[in-house]
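Novice: First, the structure itself, so that you have it in front of you.
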Amino acid sequence: MSDELLIKYIQGGCTEEESRAILSWIEENDENKTRYKELMLICSLTDFYMPSYQKEKKQVSWIKIAIGIAACSLGIFWGLSKFANSNQDSIEKYQALLSDVEKRTEITLKVADKQIVSLKDTSALISYNNNRKIVINDSTQIEKKEGKQLNAVFVPYGKRTKLVLADSSTVYLNSGSSLVYPDEFDSGKREVYLEGEAYFKVVKDGKRSFCVRTAYKSVEVLGTQFNVLSDQEAELFQTVLVSGKIALDGNNETMILEPNQCYTYAADNAEEKLESVDVSNYISWIDGRLKFEKEALSNVIRKLEKIYNVRILLKDKNLDGMLISGRLDLKNPLVNILNSLLFTVSSDEMESKYEIITNEK
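Take a look at the structure:
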């Protein structure tokens, strides 16, 4: 069965006779079923639509376009299916690059020749200029070495970084996060490795997919905006889609996310969940706010610990599981934030409810 006819069927353009033949072909064996599912995924991911089939010439033209898109997107499907076999080796390579920069107290950039640059700022902008030099905060410049090299950036608790990649895609790195990325991308793919949390604005490139690798799952797109959290301390992976579509390697099959959907994977029991959410609750940190809805107080406290680089001890452990909703301005002092936050659960004297311990690291 040709791909042209299968795509025509998926788009609802087949005659009754063609439809019966396709359904019969699908039921013949598992290989045919798998091929049909692949094309369904491709059509969903690339989001193309064919016009009405009233004119045969236009029909042929659009099917050719569809096949061209499918050929590009098929690499996404097969790429994700291969991660189970190749994921660990490449992850160890990425993690090795981070071994001597993590746990530092300053934003740290490690470039190809193992040169390490430490930044004392609470936030940083790292990008490339027209001469392909690395530019830090629009001033400091680092020469790029010949050929493609891997760089790494580490952002400690209490700080954030904005990174513009070689393809002009933008990455916002949250506190306590690391990213390994090439100073130029291959002709066939764009790939980075993330530990922690980041928000991605990916420039669309029909010839090269963009892949975010983590210790747990991988996310692959053509061009879109999404948030990824890979928390190895909590053994949690989570991605939230803002716009476009993304594919990721679910437990049993490749999954396609629509805007305003959140996928969560708990590594301790391998449970996964897909749900519709208010994405602003997941990406408000980019604008210096923390928004939450019916979230456990202990989770909100843990996020504040990372943002302010402190430990916060609640003296009343009964408050940990209390569900709260609200929005916090992270530009305010932590004491003010905690007083406002805890006032919502009790009107007792605020300072008696918690203790702030400054981290030495």
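Just so we're aligned: 332 in the numbering used here is position 332 of the sequence shown, and the numbers increase by one with no gaps anywhere.
Ideal Cβ positions, reconstructed from N, Cα and C, are used throughout, including at glycine.
May I ask you to verify whether the segment 271-283 touches the segment 301-310, counting CB pairs closer than 8 angstroms and requiring at least 3?
Specialist: These segments do not touch.
Novice: Would you kindly report the start and end of the unbroken alpha helix (DSSP H) that includes Asp3?
Specialist: Asp3 to Ile10 is the span of the alpha helix (DSSP H), which, as asked, contains Asp3.
Novice: Between Ser325 and Glu275, which are expected to be in contact by the criterion C-beta below 8 angstroms, what is the C-beta distance as a whole number of angstroms?
Specialist: That belief does not hold up - the Cβ atoms of Ser325 and Glu275 are roughly 17 angstroms apart, past 8 angstroms.
Novice: Pick from Leu109, Leu163 and Ser19: whose alpha carbon is nearest that of Ala152?
Specialist: It is Leu109 whose Cα lies nearest to the Cα of Ala152.
Novice: Output the distance between the C-alpha atoms of Glu102 and Glu18, rounded to the nearest integer angstrom.
Specialist: Roughly 59 angstroms between the two C-alpha positions.
Novice: Return the CA-CA distance between Tyr181 and Cys14, expressed in angstroms with no decimal places.
Specialist: Answer to the nearest angstrom: the Cα atoms are 45 angstroms apart.
Novice: Going by C-alpha to C-alpha distance, which of Leu304, Leu6, Ala267 and Val111 sits closest to Val135?
Specialist: Comparing Cα positions, the closest option is Val111.
Novice: Quickly, what does DSSP pair Asp287 with across the bridge? List them, please.
Specialist: In DSSP, Asp287 forms no bridge with anything.
Novice: Rounding to the nearest angstrom, what Cα-Cα distance links Gln238 and Ala215 in this structure?
Specialist: Their Cα atoms are separated by approximately 12 angstroms.
Novice: Taking the straight line between their C-alpha atoms, what separation do you get for Glu143 and Asn129?
Specialist: So the two alpha carbons sit approximately 11 angstroms from each other.
Novice: Determine the closest residue to Asn174 out of Leu194, Asn299, Gly223 and Gly147, with distance taken between C-alpha atoms.
Specialist: When each option's Cα is compared against that of Asn174, the closest is Leu194.
Novice: From which residue to which residue does the alpha helix (DSSP H) around Leu165 run?
Specialist: First-last for Leu165: undefined, no H or E at that position.
Novice: Per DSSP, Ala266 forms a beta bridge with which residues?
Specialist: Paired residue(s): Leu236 and Glu271.
Novice: Do Asp167 and Val192 have their C-beta atoms closer together than 8 angstroms?
Specialist: For Asp167 and Val192, no; Cβs fall outside 8 angstroms.
Novice: Taking only the alpha-carbon atoms, compute the straight-line gap between Ala71 and Leu319 and give it to the nearest angstrom.
Specialist: Only weak support is given to the placement of Ala71: the predicted model assigns it a pLDDT of 47, under 50, and the question is left unresolved by the model.
Novice: Roughly how many angstroms lie between the CA atoms of Arg302 and Tyr263, to the nearest whole one?
Specialist: So the two alpha carbons sit approximately 21 angstroms from each other.
Novice: Does the beta-carbon distance from Val171 to Phe200 come in below 8 angstroms?
Specialist: The answer is yes: Cβ separation under 8 angstroms.
Novice: Whose C-alpha, out of Gly147, Lys159 and Leu119, is nearest the C-alpha of Thr140?
Specialist: Selected option, being the one with the closest Cα: Leu119.
Novice: Enumerate, from N- to C-terminal direction, the unbroken beta strand (DSSP E) stretches of 3 or more residues contained entirely within the segment 114-185.
Specialist: The qualifying runs are 116-119, 123-128, 134-136, 140-142, 150-155, 160-164, 170-173 and 177-182.
Novice: So, with DSSP's three-state summary, where would you put Thr254?
Specialist: If DSSP states are grouped into helix, strand and coil, Thr254 belongs with the strands.
Novice: CB Glu197 to CB Ser218, shorter than 8 angstroms?
Specialist: No. Outside cutoff.
Novice: Taking the straight line between their C-alpha atoms, what separation do you get for Lys380 and Val279?
Specialist: In the structure as shown, the chain starts at 1 and stops at 361, and residue 380 therefore has no counterpart that could be examined.
Novice: Could you tell me the alpha carbon to alpha carbon distance between Ser230 and Ala267, rounded to whole angstroms?
Specialist: So the alpha carbons of these two residues sit roughly 10 angstroms apart.
Novice: Are there 16 or more other CB atoms within 10 angstroms of the CB of Lys353, so buried, or fewer, so exposed?
Specialist: So Lys353 ends up on the buried side.
Novice: Under 8 angstroms Cβ to Cβ from Tyr9, same chain only, skipping five residues before and after it: list those, please.
Specialist: Around Tyr9: Glu18, Ser19 and Ile22.
Novice: Check this for me: beta carbons of Val242 and Gln225, under 8 angstroms apart or not?
Specialist: Yes. Within cutoff.
Novice: With DSSP as the reference, identify every bridge partner of Ser209, one or two as the case may be.
Specialist: Lys189.
Novice: Quick check: what's the CA-CA separation for Val228 versus Ala296?
Specialist: Those two C-alpha atoms are separated by around 20 angstroms.
Novice: Can you name the start and end residues of the alpha helix (DSSP H) that Asn339 belongs to?
Specialist: Here the alpha helix (DSSP H) through Asn339 covers Leu334 to Phe343.
Novice: Contact check, Ile116 vs Val155 under 8 angstroms by CB: the rounded distance?
Specialist: Not quite, the Cβ-Cβ distance comes to about 14 angstroms (not below 8 angstroms), so this is no contact.
Novice: On the DSSP bridge list, what partners appear for Val400?
Specialist: What the structure shows of the chain is the stretch from 1 to 361, and residue 400 is not part of that stretch, so it cannot be assessed.
Novice: By the three-class DSSP mapping on this structure, what secondary structure does Leu222 have?
Specialist: Leu222: coil per DSSP, three-state reduction.
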